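> Sequential numbering of the sequence shown, starting at 51, is according to my numbering. For glycine and all other residues, C-beta sits at the position ideal for the given N, C-alpha and C. Values in this document were obtained by computation on a predicted structure and should not be read as measured data. Below: one structure in structure tokens.
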Amino acid sequence: MWEKLSSMTMQELFTAYPYAADFFQALPLPVKSFDRVCNYFSSMDEETSQDLGIDQQVLIEQFVAFMTQMQQLQVVEEAVKSVTIVGGQDKDGQGENILVTINAGEVICIVGPTGSGKSCLLADIEWIAQRDTPTKRKILINNQIPDVKRRFSIEHKLVAQLSQNMNFIMDLTVEEFVKMHAESRMVENAAEICANIIVKANELAGEKFLPDTPVTSLSGGQSRSLMIADAAYLSKSPIILIDEIENAGIDRQNAIRLLVDRQKIVLMATHDPILALMGDRRLVIKNGGIKKVIVTSEQERHNLVLLEKLDRQLSAIRDILRNGGCIDLIPAEPGVTIC
């Protein structure tokens with residue numbers, strides 16, 4: 051790489067690799083656009099090397115390492131168009147005769163009793179299992195086994211998970227947190243994207259928060275709203291796993307629609323009938339295994355409209371309670387006093 055970079059002028063370098071400027075801005079040497087990269091480093095005298103605390107050769111090595119790492123971050127991975135779950139076994143070792151392919155923009159709900167194995171299925175997908183988990187399932191990406199580098203990549207994680215409990219420990223404001231993530235992704239129009247994320251998060255949250263609100267003071271619902279908006283607009287992970295957000299204090303239906311609109315593959319473990327019917331299909335888990343795949347029917351879509359109406363009515367009642375009001379919508383039964 052050094053041979054290629056050293057022959058460029060500084061202007062050519064910054065045009066081809068804009069992020070290279072970050073490296074040179076940290077140094078006290080002036081940069082002239084007509085200088086070649088090799089001349090830039092060779093112009094360092096002994097006094098400057100002593101001031102920097104580093105000699106010319108080591109500085110070149112650091113520059114090459116910086117450029118190599120940044121180029122790796124810029125690599126565009128093949129778009130994830132589908133995820134396939136190849137059946138493994140349940141808790142008794144009985145085989146899962148199952149093959150489920152999920153396409154970008156689809157929502158798959160995972161339902162079953164508490165302890166049935168919903169979280170284990172999410173974990174298999176998160177780890178892109180290759181018969182190396184207790185369930186012996188295999189996960190394919192675009193109908194292929196992903197290579198080891200992509201499976202365990204830190205910079206280009208295939209899967210992002212939103213759990214029930216999300217707590218921040220960083221001493222940052224909401225705006226600082228989102229900005230830091232945006233800068234790490236080297237996105238264009240970072241300020242605009244950050245502002246949009248905060249707006250979207252407030253649309254999902256039950257209680258609004260400001261950009262200068264410390265992330266450590268966010269409620270559970272507010273933090274999950276922020277992370278869902280962040281995952282939709284900033285996360286490069288094409289697969290989003292959600293573990294029971296029905297009690298998260300957020301507009302859960304709009305949260306799912308936001309992720310779908312961003313062409314994410316969404317898998318969601320839930321007990322909520324509204325969320326379950328919002329999915330394109332439901333995976334029914336029993337005794338650790340996928341026992342059934344149900345395609346959401348037109349009748350269920352019709353029922354969803356009725357359930358959403360009931361849910362809005364219940365939400366209105368909750369708001370009355372939260373604001374100190376009284377519930378007088380239900381006829382009093384004998385012995386029951388309603389204010």
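Which residues in the same chain as A232 place their Cβ atom closer than 7 Å to its Cβ, once the five residues preceding and following it in sequence are excluded?
Position 182 of the sequence shown, counted from the start, is the residue given in the question as residue 232. The residues are A240, I243, C244 and L284.
> For M220, which residues in the same chain have their Cβ closer than 8 Å to its Cβ, ignoring the five residues on either side in sequence?
Along the sequence shown, one-based indexing puts residue 220 at 170. Once the five neighbours on either side are set aside, the close Cβ partners of M220 are F227, V265 and T266.
> Could you round the C-beta distance between I178 and P163 to whole angstroms and report it? I think they count as a contact, below 8 Å.
For the purposes of this step, residue 178 is identified with residue 128 of the sequence shown, where counting begins at 1. For the purposes of this step, residue 163 is identified with residue 113 of the sequence shown, where counting begins at 1. Their Cβ separation, rounded to whole angstroms, is 26 Å, which puts I178 and P163 out of contact at 8 Å.
> For the alpha helix (DSSP H) that contains I248, what are its first and last residues?
Sequence index remark: in the sequence shown, residue 248 carries index 198 (1-based). I248 -> alpha helix (DSSP H) spans A240 to L254.
> Quick one: grab the DSSP three-state call for V228.
By one-based count along the sequence shown, residue 228 stands at place 178. Helix at V228.
> Where do the N-terminal and C-terminal ends of the beta strand (DSSP E) with S132 fall, by residue?
Position 82 of the sequence shown, counted from the start, is the residue given in the question as residue 132. Per DSSP, S132 belongs to the beta strand (DSSP E) from S132 to V136.
> Ignoring anything shorter than 3 residues, give me the beta strand (DSSP E) runs that lie fully in the stretch 254-323, in order along the chain.
Counting only runs of 3 or more, we get 289-293 and 315-319.
> Looking at C-alpha atoms only, which residue of K286, A281 and Y90 is the closest neighbour of I306?
Within the sequence shown, residue 306 is the residue found at index 256, counting from 1. Closest option to I306, Cα to Cα, is A281.
> Which residue's Cα is closest to the Cα of L63: Q349, V114 and R351?
Here residue 63 is taken as the residue at index 13 of the sequence shown, counted from 1. Nearest C-alpha to L63: V114.
> Mark L360 as exposed unless 16 or more other C-beta atoms lie within 10 angstroms of its C-beta, in which case mark it buried.
Reading the sequence shown from its first residue, position 310 is the one you call residue 360. With fewer than 16 Cβ atoms within 10 Å of its Cβ, L360 is classed as exposed.
> Can you tell me which residues form a DSSP beta bridge with I340?
Position 290 of the sequence shown holds residue 340. Looking at the DSSP assignment, I340 forms a beta bridge with I335.
> So I278 and L212 are supposed to be a Cβ contact under 8 Å. How far apart are they, rounded?
Translated into the one-based positions of the sequence shown, residue 278 becomes position 228. Translated into the one-based positions of the sequence shown, residue 212 becomes position 162. That pair is a contact at about 6 Å.
> One question on the structure: do S56 and G338 come within less than 9 Å of each other, judged by their Cβ atoms?
Counting from 1 along the sequence shown, the entry for residue 56 is found at position 6. Counting from 1 along the sequence shown, the entry for residue 338 is found at position 288. Their beta carbons are not under 9 Å apart, which means S56 does not touch G338 by this criterion.
> Look up V87 in the DSSP assignment and give the residues it is bridged to.
Your numbering for residue 87 matches position 37 in the sequence shown. For V87, which the question treats as bridged, DSSP gives no partner whatsoever.
> Under a Cβ-count criterion, where at least 16 other Cβ atoms within 10 Å of its own Cβ denotes burial, should K258 be classed as buried or exposed?
The residue you call residue 258 lines up with position 208 of the sequence shown. Its Cβ having fewer than 16 others within 10 Å, K258 is exposed.
> Distance check for L260 and R274, CA to CA, integer angstroms please.
Mapped onto the sequence shown, residue 274 falls at position 224. Mapped onto the sequence shown, residue 260 falls at position 210. If you take the alpha carbons of R274 and L260, they lie about 15 Å apart.
> Across which residues does DSSP place Q151 in a beta bridge pair?
Taking the first residue of the sequence shown as 1, we reach residue 151 at position 101. Checking the displayed sequence, the identity of residue 151 turns out to be Thr instead of Gln. DSSP, once it has assigned bridges, lists T134 as partnering T151.
> In terms of residue numbering, what span does the beta strand (DSSP E) encompassing K82 cover?
Taking the first residue of the sequence shown as 1, we reach residue 82 at position 32. Where K82 is concerned, there is no enclosing beta strand (DSSP E), given that its DSSP letter is neither H nor E.
> Please report the straight-line C-alpha distance between Q8 and A154, rounded to a whole angstrom.
Since the first and last residues shown for the chain are 51 and 389, residue 8 lies out of range.
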